[in-house]
Each structure stands twice: as C-alpha cells, then as structure tokens.
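S.K.:
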Amino acid sequence: MSHSRIISWSICMVLALMGMAMANAESPVLRFKEDGTFRIVQFADVHWTVGNAEDKESLQLMRDVLDAETPDLVVYTGDNTTGGAILPSRGLRQVTEASVERNLPWAAVFGNHDDEGPASRAKLMELMQTLPGCLAQA
Numbered sequence: 024m025s026h027s028r029i030i031s032w033s034i035c036m037v038l039a040l041m042g043m044a045m046a047n048a049e050s051p052v053l054r055f056k057e058d059g060t061f062r063i064v065q066f067a068d069v070h071w072t073v074g075n076a077e078d079k080e081s082l083q084l085m086r087d088v089l090d091a092e093t094p095d096l097v098v099y100t101g102d103n104t105t106g107g108a109i110l111p112s113r114g115l116r117q118v119t120e121a122s123v124e125r126n127l128p129w130a131a132v133f134g135n136h137d138d139e140g141p142a143s144r145a146k147l148m149e150l151m152q153t154l155p156g157c158l159a160q161a
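Counting from 24, one number per residue, gives the positions in the sequence shown under the working numbering.
(1) Measure the Cβ-Cβ separation of V88 and W129 and say whether it is below 8 Å.
(2) Just the C-alpha distance for P51 and D90, rounded to the nearest angstrom, thanks.
(3) From V132 to A161, what distance separates their C-alpha atoms?
(4) Alpha carbon to alpha carbon, how far is G134 from T105?
(5) Do the segment 113-129 and the segment 71-85 make contact, defined as three or more Cβ pairs closer than 8 Å?
(6) So, are the CB atoms of G101 and D68 less than 8 Å apart?
(7) For L96, which beta-bridge partners are listed by DSSP?
(8) Can you tell me the Cβ-Cβ gap for R62 and P111, rounded? I've got them flagged as a contact below 8 Å.
(9) Exposed or buried, which one is N168 when buried takes at least 16 other CB atoms within 10 Å?
(10) Check the C-beta distance from G140 over to V73 and give it rounded, since I have them as a contact under 8 Å.
(11) Express the C-alpha separation of D138 and L147 in angstroms, rounding to a whole number.
(12) Under 8 Å by Cβ, that's how I've got M151 and A159 pegged, so tell me the actual separation to the nearest angstrom.
(13) Going by CA-CA distance only, name the one from R144, H136, A145 and S122 that's closest to C157.
(14) Residues bridged to N119 by DSSP?
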C-alpha cells in the first residue's frame, strides 16, 4: 500500500472515529484548540505480547511520544496485540496504559493478529470499551 493511501485511509478512519465519539454522550468531547490545531498520535503494529523486554521498551517509547507530543487523541491502528501469546484483557490494558495514565481519549481498530487468541473481535471490542478513555465503537 502506498504511503499516500495509508495516510488517506488513516485520516478517514480518524474522522469516522471522531464522529462516532462525538455522538456518544458519555465520551469526552473532541475539539480543535483555539489556534485551530488538533493533534493525533498514531501507534501501529505494536504486537504487544505481555511482559517481554520489547513490550517494556514499547511502553516507554509510547510514554515518551505522548509526553513530547501532548496529543488530543491517540489512535491504535491494528495489530495492537499478538493474540496467540496473551490474555486479551490484560494485553489491551497494557498496550493502552500510556494513554490511560495521561487521561487521553483514544480509539483503536484491529489488525489481523489481534484476534488470534481466545477472544473474537466482538469480545475484544467489548473489553476495549471498558477501558478509561476508549472512544472506539463497533
């Protein structure tokens, strides 16, 4: 997939997620700042496996990026976890931990590895929606 197609797809997905979030009365309201900016940080293909050294490095990198960028929204775009290696609820909590710690609204979509474990995409979405700051909807 070309770089411009990926960017276009990502922008469309984020706009759709923002629209769904704004429709949900319990969701935080996403707004542009007074200067007209709205900052989004995207994390893709994290492949969280729960507890290994790469996960710890990934979490620290996500924390560093969020602290440096101070986004208005965080988006996890697929292969957030490696489903076969983890308990889905634990993996989802851990991969989104940096966003939750900072009280940032976030959303996610699934990739081909997220549902390789015992949980279906529907169950993963249900689990995800219980986490603080989650704007994702089925």
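Think of the CB as a built atom: it goes at the ideal place given N, C-alpha and C, for glycine as much as any other residue.
M.R.: To lay it out plainly:
(1) no
(2) 20 Å
(3) 10 Å
(4) 10 Å
(5) yes
(6) yes
(7) I63
(8) R62 to P111, Cβ: 29 Å. No contact.
(9) Because the chain in this structure spans residues 24 to 161, residue 168 falls outside the shown range and cannot be described.
(10) Not really, about 11 Å apart at Cβ, beyond 8 Å.
(11) 8 Å
(12) 6 Å
(13) S122
(14) For the record, residue 119 in the displayed sequence is Thr; it is not Asn. DSSP, once it has assigned bridges, lists no residue as partnering T119.
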